Structure formats: structure tokens, C-alpha cells
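First the structure, in the form of C-alpha cells, and then the observations on it.
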Amino acid sequence: MIPQVSSTLALIFILIGTAAMLIMLELKGNPRDRHINRYLIRTHRILGYLFVGMFIFMFSLMIIRVSGYQEELPPRVIFHIWMALSLFCLIVLKILFVRRYKRLTDKVVLDENTGRFFANRKCGKCHTLERVYRSFKSMEGWTKTVNRMAVIDTPNIRGFDVKQIIYFLIKQQEKRKGLDRQEIEREIGKTLISQKCSGCHDLDRVIEAVKSEDEWHITLERMIENADDPQFLTDKEKKEIIANLVRKKQDS
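Sequential numbering of the sequence shown, starting at 699, is according to my numbering.
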């Protein structure tokens with residue numbers, strides 16, 4: 699092959715690899731709107747195929763050229779072959795790892811300190827942190843809240859941030875109540891009552907009311923009907939609220 703053509707192909711090969719690397723850094727370190735991310739991911743995949751295709755083409759040409767040598771290969775050629783074989787092994791390993799461990803990238807190592815950092819930084823933008831740390835919610839409750847927050851503050855809150863924040867909030871509320879599950883469930887019920895019932899009437903009216911479990915169930919069904927939103931309360935939230943209200947009656 700003409701040296702100029704070979705050098706041009708090598709330069710294009712390097713530029714494609716550099717572009718693919720920069721796009722991946724952009725996706726991981728500076729997330730953007732979902733539509734832009736989707737475009738970047740598609741571009742990264744196309745560049746990856748081009749990179750592998752060009753390498754196979756250049757590798758094949760190298761083998762053809764080397765096979766034409768009748769005498770001992772010069773050191774420069776040996777070094778060139780060694781570099782090509784090393785790159786070939788790295789590309790094969792990379793493809794095998796990605797194909798074999800597809801779900802590996804979905805596994806996020808959850809860390810309490812990381813979650814605290816994101817919670818303080820992301821949650822404090824719209825409301826006081828005292829409100830966040832005083833709330834008690836189930837895993838489902840925190841997941842809904844944090845995901846709703848992520849939608850509002852897109853693209854500043856990523857999927858990674860969401861998982862870390864939820865993990866931290868669950869852990870810190872367990873610590874506040876000494877890992878007492880019943881106490882945590884009681885506090886979750888209090889938070890739900892405060893959030894769902896205070897929009898229409900005074901909380902004193904709710905707390906002072908004396909009803910059986912079936913009566914509270916009827917009351918909550920009427921509340922959902924008045925809210926005109928089937929998702930206003932999930933079945934789990936209804937159980938937690940009713941359990942808390944019935945427990946108050948028993949304690950009194």
C-alpha cells in the first residue's frame with residue numbers, strides 16, 4: 699500500500715477512537731437531555747463499529763505485507779507487528795467483556811457518603827434539607843419522590859445520583875430510629891398523613907378522629923375519589939396510613 703494512504707488510514711483510525719472516547723466521557727461526566735444522549739450513544743456505537751472494521755482491514759493488510767518478507771524481519775516491523783497484536787487482543791477482550799457481562803454496567807455500588815453528598819447538593823436546591831431529613835418514607839415512597847425530583851431537574855440529576863440518594867435516605871432514617879422497624883413504619887405513616895391529609899383539612903381533625911380499620915379504609919377511599927386521582931394513594935400507602943391511625947387509637 700502507498701505510504702501516504704497507509705498514514706491517512708492510521709490517522710482516521712486514531713481520530714475515530716479519540717471521538718468515541720470523548721463521546722463516552724461526555725455521556726458519563728456531563729449528561730445532557732435524553733434525546734441528545736440517545737444521539738450520542740448511537741454515534742458512539744457507529745464509531746465503535748468503524749473503529750473495529752478499520753482495524754480488521756489494516757490488520758489484514760499488515761499480515762499480507764509481512765507474508766511477503768523472505769528474509770529476517772527488521773526490528774521496526776517486529777515492533778509494528780507486536781503493537782498490532784496487542785491492540786487486537788485488547789479489542790477482543792473488550793468486546794468479550796461487554797457481551798459476556800451486559801448487566802455489569804447496571805450494577806451500581808451504593809455508598810452512604812456518596813448518597814449524602816448528592817442529597818445535600820441536589821435536594822437543597824428546591825427546599826430545606828430539614829424537610830428532607832425529617833421525612834420518613836418506604837423504599838417505594840423515596841423512589842417515587844426522588845424520581846419525580848429527577849424529572850423536574852433533568853439533566854442535573856442522573857440515574858446514578860437517584861440510586862445513591864435513595865440508598866442514603868433509607869439508611870439515615872434507619873439510624874435515626876435505631877433500626878427499629880416498627881418505629882420506622884410508624885414515622886412513615888406520620889409522614890404520609892402529613893403529606894396526604896393536610897391539603898384539605900387540619901391535621902388535628904385527623905389525629906383526634908376515632909375510627910376502626912374498616913372506617914378508615916372507607917374514609918381513604920372517599921379521599922381518593924375526591925382527589926380525582928387513582929394514583930393519589932397506593933395500596934401500600936393506604937395500609938401504612940390506616941395502620942398508623944389505628945395504632946394511635948389503641949395507644950390512646
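Every residue gets a Cβ at the ideal spot worked out from N, C-alpha and C, and that includes glycine. Model, not experiment: these values are computed from the prediction.
Same chain, Cβ closer than 7 Å to residue i, neighbours up to 5 away in sequence not counted
i	result
A782	F757 and M760
F786	F757
L827	N818 and C821
Reduced DSSP category for residue i - H, G, I as helix; E, B as strand; rest coil
i	result
V908	coil
T852	coil
T932	coil
A859	The amino acid occupying residue 859 in the given sequence is Asp; Ala does not appear at that position. Three-state DSSP puts D859 in a helix.
D902	helix
T843	helix
G746	helix
F834	coil
C824	coil
L771	coil
S765	coil
L723	helix
L713	helix
Own chain, CB closer than 6 Å to residue i, minus 5 neighbours either side, in chain order
i	result
I863	G813, F816, A817 and V844
E935	L890
S833	T889
N854	none
A848	I855 and V860
Inter-residue spacing [alpha-carbon to alpha-carbon] between residue i and residue j
i	j	result
L725	I850	20 Å
V764	G857	49 Å
S784	V703	23 Å
V790	Y747	13 Å
L931	H915	12 Å
W780	R740	32 Å
D859	K842	14 Å
L771	F777	10 Å
S892	L901	7 Å
S896	R736	41 Å
S701	G822	Checking the sequence, you will find Pro at residue 701 rather than Ser. Going by the C-alpha atoms only, they are around 60 Å apart.
L918	K835	19 Å
L762	R798	Contrary to the premise, residue 762 reads as Ile rather than Leu in this sequence. Roughly 32 Å between the two C-alpha positions.
Y767	F795	36 Å
Check whether residue i and residue j have beta carbons under 9 Å apart
i	j	result
K909	I939	no
N942	E883	yes
F755	L707	yes
I714	L738	no
K861	L788	no
Sequence-distant residues of the same chain with beta carbon closer than 8 Å to residue i, five excluded per side
i	result
E911	I940 and V944
P928	I922
I710	M752
R774	none
Cβ of residue i within 9 Å of any chain C Cβ
i	result
V750	Note that chain C does not occur in the displayed structure, where there is just one protein chain.
Among the options, the one whose alpha carbon lies nearest that of residue i
i	options	result
E810	I905, E838 and K869	K869
W840	F866, T826, K823 and H825	F866
M837	I793, I776, I886 and M847	I886
R743	T917, A718, S892 and S705	A718
I734	T852, E770, A907 and D933	T852
C898	N924, A907 and E913	N924
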